[in-house]
Structure formats: structure tokens, C-alpha cells
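Asks: Residue numbers (my numbering): 5 to 293.
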């Protein structure tokens, strides 16, 4: 397909209607998640997170999980508010919110991928150290001699030592793409990686993803000129697919967090059971060319 043909993609009315139907289903889920995120949730005695919290005090893993999931649903709810309540449809901004939600929820899944408190602890401490590293790097933008927060570093090092780990073992840089890839593989979320990459392209102004994420409303085209006159517009179907993929990642992270908060003898149905998915997509948007 040529660049010119790619630019002139359009949705049928049916495709647009199906996209909005799918997004409104996800909007209802997001509203419920946002409401429940304001409610207290308990870490049950004997649960994976209860044991991990004991191993990481005062850097409790459950607190980190709460922060990550709040971040993820906050992004989703902001998008829901933008699209449904404010009825505003931007071209690229929604993908920044989707990207942020996938990153936060995938990070929670990466930490919780094993029902083993020691492994959960190790990954959480890795992220805690990365947080301190990022804080120092940001502070050095205004104070070139700034160092780690001494009190927090000392506290974290004590926890690291108590778990028979070393600072060297938890400070290896970890790229978010590795986290997302691991979460996608472990929890069978194959669409999350490509969705995240495309959302990142939209957030950073990388043109390669435009043929998948945008439509082009053109003025008169003679088919010869190298210059196309018109404007890029939002592709509702691409947005609906991306939003649904982000919702699936968050839903999985929330389910796993809740499972690891219960005593193993009272876990209920397995979180690995396939979750219901939307089946309104009839177009392969993300096929590599």
C-alpha cells in the first residue's frame, strides 16, 4: 500500500458505530474500577502480599501495587472523561493516556508474576531502587551535586540486606519494554506490546504509526501532486482496539493483585481463566506491512 493510499483510509459508518459501542462498554468498566479504587482493600493474613509486605517493611509491596493500579485506572478514567463526558476526540492525546495505563498495570503484573513472596519482594525492591535512581537523576537537573535521598536509601538498603540481596543485584537498569514483554507473555496479553509501542509512537510524534492510528480528511486531490492538503483525524476503530487492550491489562493486574491479597485456601476461581473480550473488531489494524 502506498503512502497516498494509506493516508486516504476511511471508516464506514458501521465501523465507527461498532467502535463507539465497544468503547462505551469499556467506559462502564472504567467507571466501576475508578469507584472501587477509592475503597479500602485488605491484604489477608497468609496471602502472598501479606508475606511480601513483611519482607519489605517499610516499603510494603501492597502499597506499591495500590499506587501502580491507581495510576493505571486514573489514566483510563481521564480518557473516559475526555471522550465520553467532554465528548472531545483528539488525534494523539488519548494514546498517551493508554500508554501510561499499560505501563503501570504491566509493572504491577511483572512484580506479581509469581505466587512466591520472595520473588515478588525481589522485583518490588528492584523497582524501589529504580525509583530512587530516577529521583536523583531528576534532582540533578537543578542541583548537579544532588545525591540519593540518604534516609530512604538507608532504609531500602536495610531491607535489601535482610532479604539476603545486594544493592548491585537490584540496581540493574530495567527498561519498561522488558517489563511489558514479560507481563504480556506470562499473562497471555499478546496485544499489549504492540499497542504500547504504537501508543508510544503517538506520544512522541513518530510518524510510523500514523497509518494505523489516524485517518486523513483530504481536500481535492489530483493524484499527482506530492503535497496532500487536508488534516489528520482520529481513527475511532484504532482507538477502541487500543483502549480495550489497555483495559484487559488493567483488569488482569487488578485480578492478580486481589488474588495475591487472599489466603491461598480461599482464592476462588483461577485468575488465569480467559476473560471476556470484545468481538466487534473485524479489521486487522496492526498487521505489519
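Note that CB positions come from ideal geometry on N, CA and C, so glycine has one too.
What residue range does the alpha helix (DSSP H) around residue 135 cover?
Replies: Its alpha helix (DSSP H) spans residues 121-143.
Asks: Would DSSP call residue 236 helix, strand or coil?
Replies: Strand, per DSSP.
Asks: Return the residue from the list 265, 263, 258 and 247 that minimises the CA-CA distance to residue 101.
Replies: Minimum Cα distance to residue 101 is reached at 247.
Asks: Helix, strand or coil: which one does DSSP assign to residue 218?
Replies: Three-state DSSP puts residue 218 in a strand.
Asks: Do you know offhand how far residue 150's Cα is from residue 144's?
Replies: Straight-line Cα distance between these residues: approximately 5 Å.
Asks: Considering only residues of the same chain and omitting the five flanking positions on each side of residue 194, which have a CB-CB separation below 7 Å?
Replies: 188.
Asks: Quick check: residue 76 and residue 105, are their CB atoms within less than 8 Å of each other?
Replies: Yes. Within cutoff.
Asks: What did DSSP end up calling residue 212 once you bin it into helix, strand or coil?
Replies: Residue 212 falls in the helix class under three-state DSSP.
Asks: Ignore the nearest five residues each way along the sequence and tell me which others in residue 84's own chain have a CB closer than 6 Å to its CB.
Replies: Excluding residues within five positions, the ones whose Cβ falls inside 6 Å are 31 and 34.
Asks: Going along the chain, which residues of its own chain have a beta-carbon closer than 8 Å to the beta-carbon of residue 47, five neighbours each way excluded?
Replies: Only 53, 54, 57, 66 and 265 meet the Cβ criterion.
Asks: Three-state secondary structure (DSSP) at residue 67?
Replies: Three-state DSSP puts residue 67 in a helix.
Asks: Is it buried or exposed, residue 209, if we count other Cβ atoms within 10 angstroms and call 16 or more buried?
Replies: Residue 209 is exposed by the Cβ-count criterion.
Asks: In angstroms, rounded to a whole number, what distance separates the CA positions of residue 61 and residue 18?
Replies: Roughly 54 Å between the two C-alpha positions.
Asks: Judging by CA-CA distance, which residue of 158, 121, 45 and 117 is the nearest neighbour of residue 74?
Replies: Of the candidates 158, 121, 45 and 117, the one whose C-alpha sits nearest the C-alpha of residue 74 is 45.
Asks: Counting Cβ pairs, one atom from each stretch, are 3 or more of them under 8 Å apart for the segment 114-127 and the segment 197-216?
Replies: No, because fewer than three Cβ pairs between the segment 114-127 and the segment 197-216 fall closer than 8 Å, the two stretches do not touch.
Asks: Measure the alpha-carbon distance for residue 203 versus residue 192 and round it to whole angstroms.
Replies: For residue 203 and residue 192, the distance between alpha carbons rounds to 20 Å.
Asks: Would you check if the distance between the CB atom of residue 243 and the CB atom of residue 82 is smaller than 8 Å?
Replies: Result no, Cβ atoms of residue 243 and residue 82 do not sit closer than 8 Å.
Asks: To the nearest angstrom, how far is it from the Cα of residue 137 to the Cα of residue 185?
Replies: Computed Cα separation, rounded: 23 Å.
Asks: Where does residue 31 fall in DSSP's three states?
Replies: It is helical.
Asks: Taking Cβ positions, are residue 257 and residue 99 nearer each other than 8 Å?
Replies: For residue 257 and residue 99, no; Cβs fall outside 8 Å.
Asks: Whose C-beta lies closer than 7 Å to the C-beta of residue 140 among residues of the same chain, with five residues either side of it excluded?
Replies: Cβ neighbours of residue 140 beyond the five flanking positions: 150, 151 and 152.
Asks: Roughly how many angstroms separate the alpha carbons of residue 127 and residue 262, rounded to a whole number?
Replies: Each residue's Cα considered, the two are about 18 Å apart.
Asks: For residue 253, count the other beta carbons within 10 Å of its own beta carbon; 16 or more makes it buried, fewer makes it exposed. Which is it?
Replies: Buried: at least 16 other Cβ atoms inside 10 Å.
Asks: Using the three-state DSSP reduction, which class does residue 95 fall into: helix, strand or coil?
Replies: It is coil, neither helix nor strand.
Asks: Quick check: the Cα distance between residue 190 and residue 180, rounded to an integer number of angstroms?
Replies: Roughly 15 Å between the two C-alpha positions.
Asks: What is the residue span of the alpha helix (DSSP H) that residue 161 lies within?
Replies: Note, residue 161: alpha helix (DSSP H), 154-166.
Asks: Near residue 133, which residues of its chain fall below 6 Å by C-beta distance, leaving aside the five closest residues on each side in sequence?
Replies: The answer, listed in chain order, is 174 and 175.
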